[in-house]
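Chains as they are written, first to last, in this note's numbering: chain A, 2 to 593; chain B, 13 to 378; chain C, 48 to 465.
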Amino acid sequence: MQFWQWLKRSLDPSATFQNQAFSLGDRGSKPAAEERGSAWLKDAEMRTERVLTHIDSILQAASQGTEALAQAGDITPDLSVNRRRLEAMFRLPVNKDLILREVEIATQPPTRAVVCFMEGLVDRNVINRDILQPLMLLTHLAEEGEHGPTRFSLRLVVDRLLPGHQVSEKQTLKEVADSILSGDTVLLFDGERTAIAVETKQPPVRSVTEPKVEQTIQGPHDSFVEAFRMNVAMVRRRLKDPRVVTEILTVGQVSSTYVAVMYIDGVVNPKLVAEVKRRIQGIRVDTVTDVGVLAQYVEDAPSSLMPTSLTTERPDRTAAYLAEGHVAVFVDNSPHALIFPVTFWSLFQTAEDYYLRYPFGSFLRYTRLASVLTSLTVPALYIALVNYHREMIPTELMLFLAAARETVPMPSLVELLLMEISFELIREAATRIPNIIGPTIGLVASLILGQAAVEARIVSPLLILVVAITGLASFALPNVLASFAIRLLRFALLIAAAVLGFYGLAAGMLLLVVYLSGMRSVGVPYLAPVAPRMEGSQDTMMQPPAYTMEFRPRHVRPVDERRQADITRPWDPMNRAGTERNHDSPQEGGSP
Amino acid sequence: MTTRGGHIGALEGVILLFASLAAKLFLQYPAFLIDVGGPAAWQVALVMTASALLIFLPAAALARRFPGLGLGEIGQEVTGPALGTLLTLAVSAWLLAAVCITIRKVTENFIVAMLPATPPSMLIIVMLICVAYASYRGFEALARAAQILFPIVVTGLLVMLIFNLPRAEPGRLFPFWGYGLQQTALAGVVYTGMTAEAVALLVLGASFRTPDALRSSGLIGVALFGVTSAVVTAMLAMIFGPPDAAQQPFPMFTLARLVYLGRFLQRTESLIVMFWFFAAAVRIAMLFHAAAVGIADSLGLPAYRPLIFPLAVLVFSLSLLPEDFLVVLRLERDWIRTTGNLVLLIPLLLLMIAVVRRKGGTVGAP
Amino acid sequence: MRRKTLATLLMLLLLPMTLTGCWDRFELEELAFVLLLGIDKGQQDAFAVTAMIAIPNRMAGSSERGGGGGGSKERPYLITTVEGPTVAAAVEMLGGYIDRRISVDHATAVFMGEELAREGVMQAMDALIRHRGFRRTNLFVVVKGTAKEFLNKATSDLEQNPQRHLEKIAANYRQYGLLPAHGQIHHFVTHASTHYLSPVTYYAALKTEDSPSVRTRTDGTDNTNTVSGSLPREGGPNLEFVGAAVFRGDKMVGVLTGEENRLLLMVQGRFARGILTIPDPNDPQHHITLDVRRGRPVRISADLSGSHPRITGRIALEAQLFETSSGIDYTEPELQEQLEEAFEKYLERRLRELIRKTQDWGTDIFGFGYYVARRIATVPEWLAYEWPERYPDAEVDIAVEMTLRRFGTQISPPFSTE
């Protein structure tokens, strides 16, 4: 019997789709029409009820003056109704995250109340000790007045019974829900139109760790974590200036992600802040999960390979950028800050450049530039040289190459593409392989594969060198996004060089330069301050000594341009003459 | 004002003008000079620069009279829609012709230098893609790109001059007075049209921050070019001797082929010539852009971008028209350069009319 | 969406183009690289072109591949000769029997048989200048006998291929001064096209089988007063590079010996260093050797006021004593002066002889024309002056100033007590 069923199933040509198999619906059927309908209906019912309540309370409050009118919300005095609506909002019997604890406050007469909080987001000690205990057990402490037995009142609860450090009053269920979702504990009282939210947040947060990507040898070793409040605090610790402002916006209809915009008022250009905020507020999206996502909604050229905003995980770097007059954007749950605006040159810079002396910093930056040029052009140069401009190769090397190529069946371009692609494979695989065996696999792959490819005479030995240098050089760029861009552009230039030799390579480079020249990051030319040339800090590839950077970079157009006095080393005998002249010039600006 | 945006300062203007003039040094231009000047070709270059500087002054004055306007709009303002359009369209036509000739010469240069079997149309298409894209990105992007690429081009030039210094024989600059002072001066004045590309700055006048920026970029750019071309022609005469240098179709390319830095680094001309591509592309892009903006301005079009593609197609077909390279050379020498002088006179004419009709200045300032 | 698909299709269409024939794209193994080129008078046609073509396998692979023999002393190149009415036509004929495409990108020198050189080189030179593959930096070498024989028999013991041998020897002119400073096609062309001076170029020869191992010199001139093909030696590579071929216009008229070439370099101010040997002024049986270097810059001026052009000049040289076989101690001030004077006299005499020789040939190889041109205002006058015609009548007077600066690591000569 079973066998026959199996046989029939496997022989029946119409059995490719089984009716009993689960499916979310075919292409032809309307997307989840009925399912959406029922959920929508339930939601709409509840919303209507709430709106009606709201209208009621407004009508009631209308006679009591404007203050009462402003406080009118959709919370009813009927506790059970409120509770039912909250349950409906949070899909309660199904959803197990929201805890509704009903208690009786030990006043005379006892008042019923509901304590609502989100499991996991709150500090349960605080709720037990500072909310439930005073309300249920310690109301008598408030009795000591001569008024006799304590009567319930909202003021009493807020002023005497709740030792929480942030207590706020909520008038609408929407506010209540938002508070609950952000980790507060909300109290609803029988007979009251106002709910009370107590700050009890303790979201799951990882502790501060070392930076993963932007490591330094010298300099601080802390990096951002997923809680934006902690990130802001880490930056604020470095900038003890009351003018440092953190504005918090909410983005995402579903995620309601907090997005913090941080800047130093009085340094930053207000137009810059306004533009960044305008762009963030303009986003219409359901969720924003990371700065990387936010950046794509906010950046000038989101489809560009080159990033037009800077992502960093270092608080010290963020602080330095803020002090220069940039704007930093934090997204809750993302361990990175987004810096606006950004120039091409900052892709070559790291925090460490400034902690070392300036010659080392400049040297490192030029090394990075060289590595970028290497990884960008070496494969293309190789193809152009071998296929078009062989006269440039020294004769002996050329003859060696020719001899090695004689055994290789493929054209040089195919050979090179093959190696480049397998290198990319190794690279991608190595990042996905579990940490412990990763290095081993990488080593095996690179060593054995290269050796074997040469032995099998699929590639010539020099090519391994080319690919290896290219690959190695592409790691030297500190900016992750930019190094991805270089990895991709490399192939474009390679093809260009394969078609027209140096002519194609030059055309490709020209297009690239023109493209970069026309780019802007929040209104700042991407190649500033080199092209167009601007005064102020020339901190691009050549790093000026810290004590000579008197002005903030002018391309961000800071309101306060000067960041240090002309004579920054007044004790230095070399500067004595200058000291007297500049004696009482105020030390302006924040830390560099 | 058409929609072009951008603010160009004096530095960018200087670099753009210099790059677009200096690109000619890589073509046949020094050989022209040596042909007419003999050992004294560098004197011709200096005379030419002096007269070009003189003739640029009225152009600068015109720009100052109509700040924030391009030549096309100035023409309309000064001489009315009919004549003004005609005059400024002539300038644009000349710029386009210069683009065609340059693009063909550059292509011939690359064919001789690097890619002998590649059809010229392929190279022209690639160059035009670069040019059209640069023009599409706008004058600002073009100026900045020129600024970024400028050091590379200058390095390419200096490398050649410095590494060929041992070959230079100062004795070849004698007899000192060349074909005689009279001919030197005459040739210098006649070849003033060599710098007629400066009029492109005026066409793009609206993109400059101030008229002063335009004036200084024009004057400094022309002066720099004059000095550079004097140095380059002197070097060429010293290295090849005047008769040999005058016969070179691309003297600088031959010079690049002479670079010999020991056994390991020789035969590097392809690499050096690659850097010239940047200079050539900047030059062609700037002239092309000026032509497009000029046409849009003089016809009162609201935007120049729709013109880019048709103009590119036009340039493509025109640049393939001349049958052989010598025809191109003759066209350049006999037509482009002589009419270049007339083009330089158009701003002077406009200025005179403006003064007579009391247009511009404080009266007509927008 | 549609646009993306279109772009992808376009890319796919373009991709094969990159893989196959892109007009100028050639893989290295598709090409046959000419290392050296020889040009002779042809027997049936005008030119006979000899090409030395590298065999990469044998040249590079000796360490890794090549059958592991190592001992196989096969030459890493092949040599072939083909005739044609022009040089380019002859090179083209190579394609008829060489399977790889001929590339002259890596050629570094052009050898020309003496017979052809004496008849005129410009016709052959035209191909070398116009053709993109040849370059003006290639050396131009006139060969005693035919270039075909020269290339066929050339062996270089130290280097793997004769091309490298040649490049290194050419770079040695500063060290020994046995070759002229100008040996490239570029020099030849630029010198031949102006009136300033007449071109010279390298002169090479094979070792003659019967060259005497010891040559008795009777004329009392310097050891280097010899020319390629007659060096007093045995063994070693059979290529000899000493001396220069002198041209009038584009026709070769004579040969300079190594010593004469040094004098030429001295007048041109390009003499860097060289060892000079003359008979000891106080003991003619023995010889005295100096290490001579360039001193202050050469000063030459022309005077055109007289009926004959007059050229006067001064050459400054500095010297270090290298060897005195007579044992006379030349550190004594008056002896030192005597020695300097002897050298000056000797060099001036040899220089006069050389200038006389070139005036007989009618070739101003020194570049006196540059100094004459300085005295003339404009080009038409300069051309009318016809310097090459007047050079034979010119009075040339070049003085030599020798200063003995150092005496080596020892001051007085070694002596034995016997």
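Glycine is no exception: its CB is placed at the ideal position from the N, C-alpha and C atoms.
- Against V236(C), the close residues of chain B are D256, in the order they occur along the chain (beta-carbon pairs closer than 8 Å).
- Between R366(A) and A196(A), the alpha-carbon positions lie close to 57 Å from each other.
- By the Cβ rule, the stretch 165-185 of chain C does not count as touching the stretch 210-230 of chain C, because fewer than three pairs are nearer than 8 Å.
- Of the residues assessed, T49(A) falls on the exposed side of the cut-off, its CB having fewer than 16 other CB atoms within 10 angstroms.
- If you look at Q544(A), you'll find it isn't in any alpha helix (DSSP H); DSSP assigns it neither H nor E.
- In this structure, the beta-carbon distance from R341(C) to L364(C) falls below 8 Å.
- Residue pairing from DSSP places R341(C) in a beta bridge opposite L364(C).
- Within the stretch 419-440 of chain A, no residue has its Cβ closer than 8 Å to any Cβ of chain C.
- For L23(B), the closest of I232(B), L319(B), D336(B), L341(B) by C-alpha to C-alpha distance is I232(B).
- Between E68(A) and E105(A), the alpha-carbon positions lie close to 30 Å from each other.
- Within the same chain, Cβ atoms closer than 6 Å to the Cβ of Q406(C) are found at P439, the five residues on either side in sequence being excluded.
- V260(A) and D333(A) have their C-alpha atoms some 6 Å from each other.
- DSSP assignment within the stretch 107-194 of chain A yields the following whole beta strand (DSSP E) runs of 3 residues or more, N-terminal first: 112-119, 168-171, 186-190.
- The three-state secondary structure of Q565(A), taken from DSSP, is coil.
- Listed along the chain, the chain A residues whose CB falls inside 7 Å of the CB of P209(C) amount to none; the nearest CB is some 12 Å away.
- Identification of residues in the stretch 308-322 of chain B having a C-beta nearer than 8 Å to some C-beta of chain A yields an empty set.
- Contact between D87(C) and G143(C) does not hold, since the beta-carbon distance rounds to 19 Å and is not under 8 Å.
- DSSP places D317(A) inside the alpha helix (DSSP H), whose first and last residues are 316-325.
- DSSP places S348(C) inside the beta strand (DSSP E), whose first and last residues are 346-350.
- Contact note: G192(B) reaches chain C through T425, using a C-beta cutoff of 7 Å and chain order.
- T432(A) and S32(B) have their C-alpha atoms roughly 48 Å apart.
- Exclusion of the five residues before and after A246(B) leaves A53, W54, L185 as the residues of its chain whose Cβ lies within less than 8 Å of its Cβ.
- Assigned with DSSP and collapsed to three states, I281(A) falls in helix.
- With fewer than 16 other beta carbons inside 10 angstroms of its own, V214(A) counts as exposed.
- Exposed is the label assigned to T288(A), since fewer than 16 other Cβ atoms lie within 10 Å of its Cβ.
- Apart from the 5 residues on each side of it in sequence, I100(A) sits with its Cβ closer than 6 Å to the Cβ of F118, E120 in its chain, given in chain order.
- With a threshold of 16 other beta carbon atoms within 10 Å, Q203(A) falls short and is exposed.
- In the DSSP assignment, K298(C) falls outside any alpha helix (DSSP H) and lies within the beta strand (DSSP E) extending over 298-303.
- Not a single C-beta of chain B is nearer than 8 Å to the C-beta of R452(C).
- Assignment of M134(B) by DSSP, reduced to helix, strand and coil, places it in the helix class.
- According to the DSSP assignment, D444(C) belongs to the beta strand (DSSP E) that extends over 442-453.
- By the C-beta density criterion, R358(A) is exposed, having fewer than 16 other C-beta atoms within 10 angstroms.
- Of the residues H19(B), A292(B), L299(B), the one whose Cα lies closest to the Cα of V165(B) is A292(B).
- Excluding the 5 residues flanking it on each side, R318(A) has same chain C-beta neighbours closer than 6 Å at A352, in chain order.
- Proximity of A146(B) to chain A, defined by a Cβ-Cβ separation below 8 Å, is satisfied.
- Taking a C-beta distance under 8 Å as the contact criterion, Y249(C) and A291(C) qualify as a contact pair.
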